[in-house]
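For reference, the structure discussed in these notes is given below.
Number of protein chains: 2
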Amino acid sequence: MIANSDLLRGALEPILLEVIAAGKTYGYEIAKAIQEQSGGELLAQEGTLYPALHRLEKRGYLRAEWKRSPEGRQRKHYRMTAAGARHLKALRAEWAAFSRSVNQILGIAHAGCAVA
Amino acid sequence: MIANSDLLRGALEPILLEVIAAGKTYGYEIAKAIQEQSGGELLAQEGTLYPALHRLEKRGYLRAEWKRSPEGRQRKHYRMTAAGARHLKALRAEWAAFSRSVNQILGIAHAGCAVA
DNA sequence: TAAGATACCTGGCGACACAAGGCATACACC
DNA sequence: GGTGTATGCCTTGTGTCGCCAGGTATCTTA
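Line by line, the protein sequences give chains A and B. When we follow the numbering used here, the leftmost residue of the first sequence carries the number 1, and every step to the right adds one. When we follow the numbering used here, the leftmost residue of the second sequence carries the number 1, and every step to the right adds one.
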């Protein structure tokens, strides 16, 4: 588990959009998906996750809709807007460039790495 | 140039320690080194850089010493402490794990990538 | 009845990147 | 002498946002 919460700040937005693009639709499910897909390394706390989803909705990258689950619980389902898809694309490129730069300075092998 | 300043938040500390470990000693020189070594992608603003150096010093990872340059200007030279070296090692590992996890979710090739 | 998983929300706090401003010296050029 | 550029350090104020801690409610299982 990553302890440093500052790391998450820059990456949370693209992560959320990506997970939603991959078909996860509501908060609880999104949180579980992030945990699982990162091998337990990443965790979006509830106090982080829900405000972040609200921000993305307010900025027009997501649209929300309340539905009732088969078990009867209320769920808020998010889906991406066209602007969200464009934004995700830009964020992915930004993250790729950023992580490549940091890896370069830290001397860590990165995407497009050399081969033995 | 990376626009999103939130990205820098989690990575600035290891970057600074790394650059200092590589032999850069004072603020202005460190800032230039980060810019150059990242191919111009990364920029630590002065209002970010100097407080960060102060934090690292206060936390015992750096030790500072004022010296006069050959041209006569005052410079504050930093060098790593033993605790700083240990901290850098931990931060490098943390960054590596974090970026690997994010790359995995975003579907970006990462360190240890496959080969053509 | 009680616990645990599911599912959402918010207020207050602390950390920190940045903008914008300040101060001082060296050097080149006119 | 004046002006511009590079060097070199600093701080205050502002805004953002992750997290903690707390709240509410439903469903399942023991």
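Yeah, the Cβ is synthetic: ideal placement off N, Cα and C, and Gly gets one too.
Look at residue i and residue j and say whether their C-beta atoms are less than 8 Å apart.
i	j	result
tyrosine 61(B)	histidine 77(B)	no
alanine 90(A)	glutamate 41(B)	no
proline 14(B)	leucine 106(A)	yes
threonine 25(B)	arginine 100(B)	no
alanine 31(A)	alanine 21(A)	no
leucine 12(B)	alanine 64(B)	no
aspartate 6(A)	glycine 84(B)	no
isoleucine 118(B)	valine 19(B)	Because chain B in this structure spans residues 1 to 116, residue 118(B) falls outside the shown range and cannot be described.
tryptophan 95(B)	valine 102(A)	yes
leucine 49(B)	glycine 27(B)	yes
I need the boundaries of the alpha helix (DSSP H) containing residue i, first residue and last residue.
i	result
alanine 3(B)	Alanine 3(B) -> no alpha helix (DSSP H), and no H or E assigned at all.
Could you give the C-beta distance for residue i and residue j, rounded to a whole number, given that I count them as a contact under 8 Å?
i	j	result
serine 38(B)	glutamine 104(A)	7 Å
Comparing the CB of residue i with every heavy atom of the ligand COA, is any distance shorter than 7 Å?
i	result
glutamate 18(A)	No copy of the ligand COA occurs in the structure displayed, which carries no ligand at all.
Okay, do the segment 53-67 of chain A and the segment 68-75 of chain B touch, 3+ Cβ pairs below 8 Å being the bar?
no
Any beta strand (DSSP E) of 3 or more consecutive residues that is wholly inside the segment 37-93 of chain B
62-68 and 74-80
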